[in-house]
Amino acid sequence: MIEFNNVTKQYANGQVGLRNISLKIPLNQLVFITGHTGAGKTTAVKLMTLRHVPTAGQVIVSDTNLSELSRRNRSRYRRKIGAVFQDLPLLSDRSVSDNVAMPLLVDHSAPAKILPLVTTALETVGLRSKMDFKPTQLADGEIRRVNIARAIVHQPQLLIADEPTANMDPTQSTKVLNLFKRLAARKTTVVVATHDRDFFFDRRYPVIELREGQLADAMRR
Amino acid sequence: MLMSHLETFLFVVQQTPELTVFLSRDVEQRGALTVRQHIVELPEVESVRIIDPDEALNSFEEQTGHHVVANYVQDNPFPITVVIQPTRAHRYSQHYEQLSNYLYGLNFVELVHFDIEWVKKLSLIQDVARVLIWALATTLLFVAVFLICNATRQQVAERVDEIKVFNTLGASRRFICRRSVYTAFWQTVLIFIVTFIMVNGLLNHLRVPLAELTAGYDISIPTLQMQWTGWLTVVGAVLILKITTAKISVNAYLRMFEKEDA
């Protein structure tokens, strides 16, 4: 279970990202966080990935209070999860496969395991044929998919994605959604922050709607 | 190495000023030897050479070309002359004056000659050269340190996206620093190889003309090569400087990301 207990996040410039939010996200399924621009979606996912720390309250993932982790354990936590962020670029001087392999390098995976895992991840997002390309040779939508491959290559138990379908055409968006559904079916917790309402059209998955940093609509099915 | 060579050079130049002591005309060879013995025992004297009147006359004729002098002069007008070279530590103007005063007090000494202005100038040149060399060496050191640190900082700055991605993916600080540390190490090795070839090539090129130059002064400069201890010190200092700068720069970026995220 991922829990937000009275979480407030105020930035250094005074802007408030989240206001006193409490919510629970069940594990091993696909969950959407939605809302308009500035609603607090990115703040929420950054709190879950430890890129932010709450100004007040607690973020608890699998009974671990993230605010209480030491620096070493924060790094360990980040290595365990998969994250797709808009502001986390691919490295332009490395090939697509080298970019995707980065979480495995960080996790000190055996060299013999790296290539098969990278190939599988790129195959999953439909970009195996472009594994030797440089990111500068890819379209925006393809860059998004490489980002997703980088997030899933080490087969994390928790995948958090911020606007993963931005700049993608509807066909590719649907493929990404199907990928997330497959991951959730394999007992991976997938949290997707998106403003794309088509993305969660069938309402089979939990949706958390944020509005101006507050919970607009509590957990619903 | 530069200072060592400067000292050697100055030693060569300092050989020029000597004291020339003209003895009384009535002093014969035996008396001259007694004076020589007396002078050579002085602690401030390095060597003493006697020039007898005949040698002085021959030398005068050779240098002036007046070979007929001996025909006109019945008696050789030159006295016995003693040429004194002070030790290296006693080649300053005040030492020359003290030694000159002492020599005037000896029996048989008619005239003591030396160029005190030249000695004073030489001391000044020596002092100025020493200060200039130190200033130059210090400036070069600061410039080298600045260039090394700045180049390393720039290289880390070019990796800023990589540092951000690795940090977000959960890499430890040690892991993030590793590539910069490896780069620093291999660049130092490359700098060492290039510098070693350049310095040794230059010194080898200079060795022959320098040997010819110093041969006239009957000295050699055996230290015209950088010792291994010197190389190790320079390489070690560059390596420590580059690695430390790389680590400081990477940590500065990590702190910046933490601040941004806060």
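Protein chains in written order, with our numbering: chain W, 1295 to 1515; chain V, 721 to 982. Glycine residues also receive a C-beta, built at the ideal position from the N, C-alpha and C atoms. Fair warning: this is a prediction, and the values are worked out from it, not measured in the lab.
Could you work out which residues of chain W lie near residue i, taking near to mean beta carbons separated by less than 7 Å?
{"i": "D881(V)", "result": "P1383 and L1385"}
How would you call residue i, buried or exposed, if buried means at least 16 neighbouring beta carbons within 10 angstroms?
{"i": "Y816(V)", "result": "buried"}
{"i": "M976(V)", "result": "exposed"}
{"i": "M1342(W)", "result": "buried"}
{"i": "E1436(W)", "result": "buried"}
{"i": "S1369(W)", "result": "buried"}
{"i": "C897(V)", "result": "buried"}
{"i": "L842(V)", "result": "buried"}
{"i": "R1514(W)", "result": "Because R1514(W) sits at a pLDDT of 46, beneath the cut-off of 50, its placement in the model cannot be relied upon, and the point is left open."}
{"i": "E1457(W)", "result": "buried"}
{"i": "N1472(W)", "result": "exposed"}
{"i": "V1355(W)", "result": "buried"}
{"i": "A1406(W)", "result": "exposed"}
{"i": "H1402(W)", "result": "exposed"}
{"i": "A972(V)", "result": "exposed"}
{"i": "I1296(W)", "result": "buried"}
{"i": "I913(V)", "result": "exposed"}
{"i": "V760(V)", "result": "exposed"}
{"i": "L1409(W)", "result": "exposed"}
{"i": "R1438(W)", "result": "buried"}
{"i": "F862(V)", "result": "exposed"}
{"i": "F834(V)", "result": "buried"}
Who are the near neighbours of residue i in its chain, counting only those whose CB is closer than 8 Å to its CB and skipping five residues on each side?
{"i": "Q1304(W)", "result": "V1310, G1311 and T1349"}
{"i": "V1347(W)", "result": "L1341, L1360 and S1361"}
{"i": "L1382(W)", "result": "N1441"}
{"i": "S779(V)", "result": "I771"}
{"i": "L974(V)", "result": "I883, N887, R893 and I896"}
Pick from the options: whose alpha carbon is nearest that of residue i?
{"i": "G751(V)", "options": "A855(V), A891(V), W906(V) and T801(V)", "result": "T801(V)"}
{"i": "I968(V)", "options": "I911(V), L826(V), F798(V) and A904(V)", "result": "A904(V)"}
{"i": "V1486(W)", "options": "P1429(W), P1500(W) and Q1508(W)", "result": "P1500(W)"}
{"i": "M1462(W)", "options": "I1446(W), T1413(W) and L1432(W)", "result": "L1432(W)"}
{"i": "E980(V)", "options": "G1334(W), H1330(W) and R1345(W)", "result": "R1345(W)"}
{"i": "E738(V)", "options": "W948(V), S820(V) and L852(V)", "result": "S820(V)"}
{"i": "Q1352(W)", "options": "F1298(W), Q1451(W) and K1481(W)", "result": "F1298(W)"}
{"i": "T915(V)", "options": "A931(V), G890(V), V958(V) and V880(V)", "result": "V958(V)"}
{"i": "Q1451(W)", "options": "A1395(W), L1385(W) and R1372(W)", "result": "R1372(W)"}
{"i": "L889(V)", "options": "L1409(W), N1393(W) and I1327(W)", "result": "N1393(W)"}
{"i": "S1316(W)", "options": "L1384(W), T1328(W), T1302(W) and D1434(W)", "result": "T1302(W)"}
{"i": "L762(V)", "options": "P806(V), Q874(V) and N887(V)", "result": "P806(V)"}
{"i": "L1504(W)", "options": "F1326(W), N1322(W) and A1415(W)", "result": "F1326(W)"}
{"i": "E1506(W)", "options": "K1318(W), L1321(W), I1319(W) and G1334(W)", "result": "G1334(W)"}
{"i": "W951(V)", "options": "V909(V), K962(V), T964(V) and E782(V)", "result": "V909(V)"}
{"i": "T1328(W)", "options": "A1395(W), I1502(W) and L1509(W)", "result": "I1502(W)"}
{"i": "Q757(V)", "options": "N796(V), L777(V), I804(V) and D774(V)", "result": "I804(V)"}
{"i": "P1320(W)", "options": "V1400(W), D1357(W), G1332(W) and A1445(W)", "result": "D1357(W)"}
{"i": "Q1449(W)", "options": "L1363(W), A1404(W), N1307(W) and P1397(W)", "result": "P1397(W)"}
{"i": "C869(V)", "options": "V747(V), T965(V), L753(V) and E978(V)", "result": "T965(V)"}
Spatial neighbours of residue i within its chain, please: CB distance less than 6 Å, with the 5 preceding and 5 following residues excluded, ordered by chain position.
{"i": "T1459(W)", "result": "S1467, V1470 and D1490"}
{"i": "P799(V)", "result": "F742, L743 and R745"}
{"i": "I1454(W)", "result": "V1339, M1342, T1343, A1377 and V1485"}
{"i": "V1390(W)", "result": "K1424, M1425, F1427 and V1440"}
{"i": "S1386(W)", "result": "P1429 and T1430"}
{"i": "T1336(W)", "result": "D1456"}
{"i": "N1300(W)", "result": "N1314, S1316 and G1351"}
{"i": "A1443(W)", "result": "V1394, A1415, L1416 and V1419"}
{"i": "A1478(W)", "result": "Q1323, L1324 and V1484"}
{"i": "A1512(W)", "result": "The predicted position of A1512(W) is uncertain, since its pLDDT is 47 and thus under 50; no value can be drawn from it."}
By the criterion of Cβ-Cβ separation under 8 Å, what are the contact partners of residue i in chain V?
{"i": "V1400(W)", "result": "F886, L889, G890, A891 and F895"}
{"i": "M1396(W)", "result": "V885, F886 and L889"}
Taking C-beta pairs closer than 7 Å, name the residues in chain V that residue i reaches, listed in chain order.
{"i": "S1316(W)", "result": "Per Cβ cutoff of 7 Å: no residues; S1316(W) is ~22 Å from chain V at best."}
{"i": "A1377(W)", "result": "T888"}
Might you give, ordered along the chain, the residues of its own chain that have their beta carbon closer than 7 Å to the beta carbon of residue i, omitting 5 neighbours on each side?
{"i": "Y824(V)", "result": "V832"}
{"i": "V970(V)", "result": "V876, I883, I896, C897 and S900"}
{"i": "D1434(W)", "result": "N1461"}
{"i": "E764(V)", "result": "P806, T807, H810, H815 and L819"}
{"i": "R1422(W)", "result": "T1413 and L1416"}
{"i": "E766(V)", "result": "Q805, P806 and T807"}
{"i": "I911(V)", "result": "V958"}
Taking only beta-carbon positions, decide if residue i is within less than 8 Å of chain C.
{"i": "Q818(V)", "result": "No chain C appears in the structure shown, which is made up of the protein chains W and V."}
Note down, in chain order, all residues in the region 1351-1374 of chain W with a beta-carbon under 9 Å from any beta-carbon belonging to chain V. R1365, R1366, R1368, S1369, R1370, Y1371, R1372, R1373 and K1374
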